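Comments concern the structure below.
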Amino acid sequence: MPVIPEETHDSPLYRMRHSLSHVLAQAVQELYPGTLLGFGPPIDDGFYYDFVLPKPIGPEDLPAIEERMRAIIAAAQPFHHDDLEPEEAYARIAGMNEPHKAEYARELVAKRGVERIGFYRNGPFLDMCEGPHVANTSELPRDGFKLHSLAGAYWRGDERNTQMTRIYAYAYPTAKEVRQRVQEIEEAKRRDHRKLGVELGLFTITEEVGKGLPLWLPAGTVLRDELEKLAREMEFKYGYQRVSTPHLTKEGLYHTSGHLPLYEAGMFPPMELDEEGDLPSASSKERSRYYLRPMNCPHHHMVFKAQKHSYRDLPLRIAEYGTVYRFERGGTLHGLTRVRGMTMNDAHIYVTPEQLEDEFISVMRMHQEYYDLFGLTNWYMRLSTWDPDDPKRAGKYVDDPESWAKTQAQATAALERMGAHYRVSPGEAAFYGPKVDFQFRTVLEKEFTVSTNQIDFAVPGRFGLTYTDRDGTERTPMCIHRAPLGTHERFVSFLIEHYGGAFPTWLAPVQVRVVPVGEKFVAWGREIEAALRQHMIRAEVDDSDHTMGKKIRNAATSKVPVVAIVGEREVEARAVTIRRYGIQRQEEMGIDAFVDLIRGEIQQRRHVRE
RNA sequence: GCCGAGAUAGCUCAGUGGUAGAGCAGCUGAUUCGUAAUCAGCAGGUCGUGGGUUCAACUCCCAUUCUCGGCUCCA
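With the numbering used here, the residue at position 469 of the first sequence is 1076, and numbering never jumps.
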């Protein structure tokens, strides 16, 4: 089972980081008088502090700030702590001229019932802060931190608020650990799917086609095809039927579904067709608006509606690797991880209310089966629920408290019955129901929802979907939206990083590279290639006139899982010598045994490693 | 979208107010090789795009497109 991240802000390490963040703020205010303070918490690998600066600063300014911080540490300033009653606290904050602190202090008192506000002073620097801190700046490591990046951040993370400048730092007890962290990040960058995507020729994103619209190159398309093949097999096994539906639709469909206007901000603007309408009233000149679809569900609901259904048909599972387009904000686009055009491993399962819970569990087991196959472990389940009090999402939920309560209870029961570890995240529900999201971390430790399993109690009713029950009455089914492999784009980005580009044989764009030792052996290499290709194995002979060492190097840098070497010995024995990616030991075997070995490995989707 | 940084050959990068360079990849030739880089030659860029300043712009200024870091881990 996946690990649920732990957090504690009370350890000596966090205390040190938190104190360093005050030293940072002090240094910045000394260097840039007039700087206003935001928040400055410890984080998993250091700390940050948010500022409103009197003038913009750049990365070139960071060394000077670090130097000032070291001077403050060397000055051995003791931290003094006191707690004040609200009125005294307000008075003191007024003297500090820190509007953000003032706002937060009042909120703490008004909304959270805090009775005393904490302050910490070291040297000339005073901050409103809960603490805890070290006793004296001299306890802080002079070389145990490094300011590493500068970023924009909104006060309280809300874009309607002031934009602040955030300074991030790594912080550890020793300089050595800081260096290790820097190395870790560098190592992670080597696995970054955007870098490997270029190196391995998997995909490209061009200015001409548009941002967030990746083009899959031949090698990357192999990955997609293999995933689709896997999904077809798995879904067949679990009783799904496949459908195929268009990428756009008329506006009305989204009024029915409720995506308009609720989801409009996430959609590409409509295409306006100023022409004779195709509505029944032939005389009326209608303006038809078409949208690129941001979701597949309305199309699938229409598939359900096209035929009459009995309770005997349920659960009815319809699946499609459906392409959708979402207008994600420019600044959030990120390689393949967040894009504007994506193809989703989607399915909609229509169930009776009684079937909902079992089917929901069955879907979650399917998710696990997939992740086990890939050896993915850095994920956890998140129960995303309705939060009627969240002001940011006001009006963004279907208004039906009773159904929310009921389906959330069912989702919780399903998770409990599975014995799952999960976290609850209020306010993250879909507009039509609660969901279980499968949260993954990229190599650079950013968390994304890779896949999701959702309950929909609302939309089938809006579409007038029905099935005939045992007693002859027409009833509305519930719907489960699920996408265990998420989208090709995001899922492949995680696979690239997970495998560091060295895919298991079944996924690898080139599965076997045949390397003839010299020109004389190319013919035998071709025979091997042909024998493999006959079994749909992606094999190719390296018939370049490079030296053998170079050919082996080329196979290694392109991370081909199996290299088959052929020379004098192998020709005589009708054999190959195989060398696997990342494995030292080599093995010579007859051609038939070799073909069988690779076929079996691919068929079972085995990942052969040292 | 917003704040900050950036964009030079297919890739990685150097360069500078006087008109662009390297390595790898590519192409050609020689080499035919037993386990991670054989040698030589050639070719490749309106320096993201559009304006402006200047005798002169890849370099300075403005705009624009795209990319990168970040945008509640909360006193």
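The beta-carbon is built from N, C-alpha and C at its ideal position, and this holds for glycine as well. Since the model is a prediction, treat every value here as computed from it, not as a measurement.
| Query | Result |
| --- | --- |
| Can you tell me whether residue 1213 is buried or exposed? The criterion is at least 16 other CB atoms within 10 Å of its CB, across all chains shown. | exposed |
| So what's residue 711 in DSSP terms, helix, strand or just coil? | helix |
| State whether the segment 1062–1077 contacts the segment 1035–1042, with contact taken as three or more CB pairs (one from each stretch) at a distance under 8 angstroms. | yes |
| Going along the chain, which residues of its own chain have a beta-carbon closer than 7 angstroms to the beta-carbon of residue 611, five neighbours each way excluded? | Low confidence applies here, because residue 611 scores a pLDDT of 41, under 50, leaving its location unreliable and the question unanswered by this model. |
| Based on Cα-Cα distance, which residue from 1108, 794, 681 and 854 lies nearest to residue 827? | 1108 |
| What residue ranges within the segment 1115–1177 form continuous alpha helix (DSSP H) runs of no fewer than 4 residues, ordered along the chain? | 1129–1140 and 1155–1164 |
| Taking residue 776 as the reference, give the member of 711, 1004, 625 and 910 with the closest Cα. | 625 |
| If we ignore side chains and look at the alpha-carbon of each, how far apart do residue 1090 and residue 839 end up? | 13 angstroms |
| Spatial neighbours of residue 910 within its chain, please: CB distance less than 8 angstroms, with the 5 preceding and 5 following residues excluded, ordered by chain position. | 850, 852 and 925 |
| State the Cα-Cα distance for the pair residue 646 and residue 749, rounded to the nearest angstrom. | 23 angstroms |
| With a threshold of 7 angstroms on Cβ separation, who are the neighbours of residue 1225 within its own chain once the five nearest residues in sequence on each side are excluded? | For residue 1225 there is no data in the structure shown, the boundaries of the chain being 608 and 1217. |
| Among 809, 844, 771 and 1137, whose alpha-carbon lies nearest the alpha-carbon of residue 762? | 771 |
| I'd like the list of long-range same chain contacts for residue 1200, defined as Cβ closer than 6 angstroms, with 5 residues on each side in sequence excluded. | none |
| How far does the alpha helix (DSSP H) with residue 703 in it reach, from first residue to last? | 693–703 |
| How long is the line joining the alpha carbons of residue 731 and residue 793, rounded to whole angstroms? | 38 angstroms |
| Tell me whether the beta-carbon of residue 676 lies closer than 7 angstroms to the beta-carbon of residue 634. | yes |
| Between 778, 686, 1172 and 655, which lies nearest to residue 758 when the distance is taken from Cα to Cα? | 655 |
| Since residue 931 contacts residue 901 with CB under 8 angstroms, what's their CB separation in whole angstroms? | 6 angstroms |
| Using the rule of at least 16 other Cβ atoms within 10 Å of the residue's Cβ for burial, across every protein chain shown, is residue 1044 buried or exposed? | buried |
| Is it true that the CB of residue 725 sits closer than 7 angstroms to the CB of residue 738? | yes |
| In the DSSP assignment, find the unbroken beta strand (DSSP E) run with residue 932 in it and report its ends. | 923–932 |
| Between the beta-carbon of residue 593 and the beta-carbon of residue 1185, is there less than 7 angstroms? | As shown, the chain starts at 608 and ends at 1217. That puts residue 593 outside it, with no answer to give. |
| Do residue 943 and residue 694 have their C-beta atoms within less than 7 angstroms of each other? | no |
| Please classify residue 644: does DSSP put it in a helix, a strand, or coil? | strand |
| For residue 1093, collect the residues of the same chain with a Cβ closer than 6 angstroms to its Cβ; drop the 5 residues on either side in sequence, then sort them by chain order. | 1057 and 1058 |
| Return yes when the Cβ of residue 903 is within less than 7 angstroms of the Cβ of residue 873, no when it is not. | no |
| Rounded C-beta distance between residue 1032 and residue 991? I'm assuming under 8 angstroms. | 5 angstroms |
| Short check: CB of residue 1050 to CB of residue 795, under 7 angstroms? | yes |
| Considering Cα atoms alone, identify which of 650, 643 and 642 is closest to residue 617. | 650 |
| Going by alpha carbons, who is nearest to residue 1165 out of 1181, 803, 781 and 683? | 803 |
| So if DSSP puts residue 756 in a beta bridge, which residue, or which two residues, is it bridged to? | 775 |
| On the criterion of 16 or more Cβ atoms from any shown chain inside 10 Å, does residue 619 qualify as buried, or is it exposed? | exposed |
| Classify residue 617 as helix, strand or coil using the three-state DSSP reduction. | coil |
| Cα separation between residue 1007 and residue 995? | 10 angstroms |
| Does residue 843 pass the burial test, meaning 16 or more other C-beta atoms within 10 Å, or should it be called exposed? | exposed |
| Would you mind listing the alpha helix (DSSP H) stretches within the segment 778–832 that are 4+ residues and don't spill past its ends, in chain order? | 782–798 and 800–806 |
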